[in-house]
């Protein structure tokens, strides 16, 4: 099959909408001296064209490693040991390094958590944005710089013509994240991987950046994978949500369904740990924030049964022995828990 | 930025003043009476006294220092005790070979060491990295005079492709000049290259762990572009610093190398002057070398501003 044919082959569709990114049974392991860390252990998810998918979980649950795996930017001793990552039907794990480079920043871009350190401190903003444009779109230097100014305007950097010649240290964190977004979207990617894009920012700036991302998504038709630990952010922005725990997917549903009827005790735990002003006074523990007891288990040394069992108030003997399958519990609502019914009942009761 | 430059240039003045005081004191602190040396073995006490009078050696320290500094300002470094020729003239004659040797050496060292260091950092932990590190350790610990003789033995005597020693001025053609300068430059450059390669590796390795390198990769840039365009530019400040500092090694090394390869440069002039206790020449050489060192480090500070915008603003 020629390359052109491969490129034109569309991805599978759901309800007539194309899946732009599909991750199938991805396993990314880190082969450290103390043993194998299964950072991502059989994760599958997909994003539809123009959709915003939320990937939620605590630090260390493998959500960032999954995203880096998509770009094949896993550094040693890490390695993708199994799975498929398809962009418009084309498996990225079968591409040569050179072909992969033409995907990065072009079909898939990524923005990172730390806007303060994610831009090169000694290069001008224009140089950093134009570099990507010249690389993937073959524009001349001058045209690429013009496009950079345009991109900066798009992310509402004031005085873009002047700012394009400035350096990252002359900008605030929020501005830098805007620049990152401008850079990531400069080649009209099909998918934008946003890894905790607002975590390091002030709350007021967080909202601005989120709204900007959503607005540009509408304008440019980019699908977004929004990786975050903040359910509040996800609730506002995403159509569908994947909840991850200890390298595995534990729940998946549309945003409305998930918040209405969570089926995994971990998801419930995450929801209860969000401070809510309207609930505080009426619950049994007024003003008290619920936390999930314990810590994420060591990924080197997983318990034999469900990874969440040691921290779970619903856990039974069976949970500690058997790994629950990730299965459909209701239409379009998946969960990996033996006690989903009980969870739903108690959450509503 | 201009304020920074002016501040930096003004800061060299006290440094040079301290050097001048030190250099002048050399004459007072070192053992042996220059007058007695000039007069020779057969001189009488009267002869020596006359010479002391003529040289002004009987005057108080401060008066002598004042006169010396005054002359220095006008470019007068005194007269060689041995040959009676002005020191400035003697040094000017010897300047070209040394200048050429040090320049060629720096160029060779930088061109070899920086790519080696970058590749070692990129391939950290592999056999390539270990090879570069081995070279760095060997290059640093191998005495340059031994290396010089080994190179002469190999290239000049066994292979007969390069001359054993001597110097040809660049004005007589680039080819002959290069023929003569290549072995001394390699000898002198080994320590330099070892030092620069090591610093480059460390500095680039540190930068490669930064978030913006991940960003650069995520944009789809080729490894070479990430290494040179993104990593090296950030790693450059410590590398340029070490090049500036290693300039001192270069001056010391030039003296030995010029002796090994019989190059008629400032190094040879210095060795001869030390052997003959020709103090005015020693003073002149120290002043010029110190001045060169200060200038090189001034240049390094100016280069910083081009490398890192945070220093510029």
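Protein chains in written order, with the working numbering: chain A, 1 to 349; chain B, 350 to 662.
We put the CB at the ideal spot given by N, CA and C, even for glycine.
Model, not experiment: these values are computed from the prediction.
Please list, in chain order, the chain C residues whose beta carbon lies closer than 7 angstroms to that of residue i.
| i | result |
| --- | --- |
| residue 117 (chain A) | Looking at the structure shown, chain C is missing, and the protein chains on hand are A and B. |
Report the three-state DSSP secondary structure of residue i (helix, strand or coil).
| i | result |
| --- | --- |
| residue 455 (chain B) | helix |
| residue 248 (chain A) | strand |
| residue 291 (chain A) | coil |
| residue 108 (chain A) | strand |
| residue 82 (chain A) | strand |
| residue 329 (chain A) | strand |
| residue 503 (chain B) | helix |
| residue 435 (chain B) | strand |
| residue 42 (chain A) | strand |
| residue 351 (chain B) | helix |
| residue 621 (chain B) | helix |
| residue 155 (chain A) | coil |
| residue 428 (chain B) | strand |
| residue 323 (chain A) | coil |
| residue 269 (chain A) | helix |
| residue 69 (chain A) | helix |
| residue 296 (chain A) | coil |
| residue 126 (chain A) | helix |
| residue 341 (chain A) | helix |
| residue 480 (chain B) | helix |
| residue 380 (chain B) | coil |
| residue 166 (chain A) | coil |
| residue 611 (chain B) | coil |
| residue 566 (chain B) | helix |
| residue 211 (chain A) | helix |
| residue 172 (chain A) | coil |
| residue 58 (chain A) | coil |
| residue 119 (chain A) | coil |
| residue 658 (chain B) | helix |
| residue 281 (chain A) | For residue 281 (chain A), the predicted model reports a pLDDT of 49, less than 50, meaning its position is unreliable; a value from the coordinates is still stated below. DSSP places residue 281 (chain A) in coil when its eight states are reduced to three. |
| residue 645 (chain B) | helix |
| residue 188 (chain A) | coil |
| residue 264 (chain A) | coil |
According to DSSP, what are the bridge partners of residue i?
| i | result |
| --- | --- |
| residue 486 (chain B) | Paired residue(s): none; residue 486 (chain B) is not in a bridge. |
| residue 651 (chain B) | Answer is none; residue 651 (chain B) lacks a bridge partner. |
| residue 53 (chain A) | A:225, A:240 |
| residue 90 (chain A) | A:87 |
| residue 17 (chain A) | A:14 |
| residue 35 (chain A) | A:32 |
| residue 334 (chain A) | A:252, A:328 |
| residue 194 (chain A) | A:111, A:226 |
| residue 26 (chain A) | A:43 |
| residue 356 (chain A) | The structure shown does not extend to residue 356 (chain A), since chain A is modelled only from 1 through 349, so no value can be given for it. |
Listed in chain order, which residues of the segment 560-574 of chain B have Cβ atoms closer than 9 angstroms to some Cβ of chain A? 560, 561, 562, 563, 564, 565, 566, 567, 568, 569, 570, 571, 572, 574
Looking at C-beta atoms only, is the number of pairs between the segment 312-330 of chain A and the segment 89-99 of chain A that lie closer than 8 angstroms three or more? Note that the segment 312-330 of chain A does not touch the segment 89-99 of chain A; fewer than 3 beta-carbon pairs, one per stretch, sit closer than 8 angstroms.
For the segment 132-145 of chain A, enumerate the residues whose C-beta is nearer than 8 angstroms to any C-beta of chain B, in chain order. 132, 135, 136
Cβ contact check for the segment 576-596 of chain B and the segment 508-521 of chain B: 3 or more pairs under 8 angstroms: Because the criterion of three Cβ pairs below 8 angstroms is not met, the segment 576-596 of chain B and the segment 508-521 of chain B do not touch.
If contact means a Cβ-Cβ distance below 7 angstroms, which residues of the segment 469-488 of chain B contact chain A? Taking 7 angstroms as the Cβ-Cβ cut-off, the segment 469-488 of chain B has no residue approaching chain A.
Are the segment 351-366 of chain B and the segment 254-268 of chain A touching, with three or more C-beta to C-beta distances below 8 angstroms? no
Counting only Cβ-Cβ distances shorter than 7 angstroms, please list the residues of the segment 166-178 of chain A near chain B, keeping chain order. Those residues of the segment 166-178 of chain A that come within reach of chain B (Cβ to Cβ, closer than 7 angstroms) are 167, 169.
Name the residues in the segment 32-44 of chain A whose C-beta lies less than 8 angstroms from a C-beta of chain B; which are they? Cβ proximity to chain B below 8 angstroms picks out nothing from the segment 32-44 of chain A.
Cβ pair count under 8 angstroms reaching 3, the segment 192-200 of chain A against the segment 211-231 of chain A: yes
Which residues, in chain order, does the segment 639-659 of chain B contribute to contact with chain A at a C-beta distance below 8 angstroms? When CB distances to chain A are screened at a threshold of 8 angstroms, the residues of the segment 639-659 of chain B falling below it are 656, 657, 658, 659, in chain order.
If you measure beta-carbon to beta-carbon, which residues of the segment 573-594 of chain B are closer than 7 angstroms to chain A? 579, 582, 583
Quick one, which residues of the segment 261-272 of chain A are near chain B if we go by CB-CB under 7 angstroms, in chain order? none
To test your reading of the DSSP string, which unbroken alpha helix (DSSP H) runs of 4 or more residues are found completely within the segment 487-553 of chain B? Complete alpha helix (DSSP H) runs here, min 4: 493-500.
Counting Cβ pairs, one atom from each stretch, are 3 or more of them under 8 angstroms apart for the segment 177-197 of chain A and the segment 224-233 of chain A? Below 8 angstroms, enough C-beta pairs join the segment 177-197 of chain A and the segment 224-233 of chain A to call them touching: three or more.
For the 8 angstroms Cβ check, are there 3 or more pairs between the segment 135-151 of chain A and the segment 586-597 of chain B? They do not touch, by the three-pair rule.
Check distances from the C-beta atoms of the segment 43-57 of chain A to those of chain B and list, in chain order, the residues that come in under 9 angstroms. none
Would you call the segment 547-556 of chain B and the segment 494-507 of chain B touching, i.e. three or more CB-CB distances under 8 angstroms? no
Does the segment 419-430 of chain B come close enough to the segment 601-611 of chain B to have 3 or more Cβ pairs within less than 8 angstroms? no
Every unbroken alpha helix (DSSP H) inside the segment 362-421 of chain B [4 residues or more]: 383-388, 394-404
Is there contact between the segment 613-624 of chain B and the segment 130-140 of chain A, where contact requires at least three CB pairs shorter than 8 angstroms? As far as the Cβ criterion goes, the segment 613-624 of chain B does not touch the segment 130-140 of chain A, which means the pair count is below three.
Quick test of the definition: if touching needs 3 or more C-beta pairs under 8 angstroms, does the segment 105-120 of chain A touch the segment 42-58 of chain A? no
Counting Cβ pairs closer than 8 angstroms, one from the segment 251-262 of chain A and one from the segment 233-243 of chain A, do we hit at least three? yes
With a threshold of 8 angstroms, are at least 3 pairs of Cβ atoms found where one atom belongs to the segment 72-92 of chain A and the other to the segment 23-34 of chain A? yes
Please determine if the segment 527-538 of chain B and the segment 630-645 of chain B are in contact, where contact requires at least 3 C-beta pairs separated by less than 8 angstroms. Per the Cβ contact rule, the segment 527-538 of chain B is not in contact with the segment 630-645 of chain B (fewer than 3 Cβ pairs under 8 angstroms).
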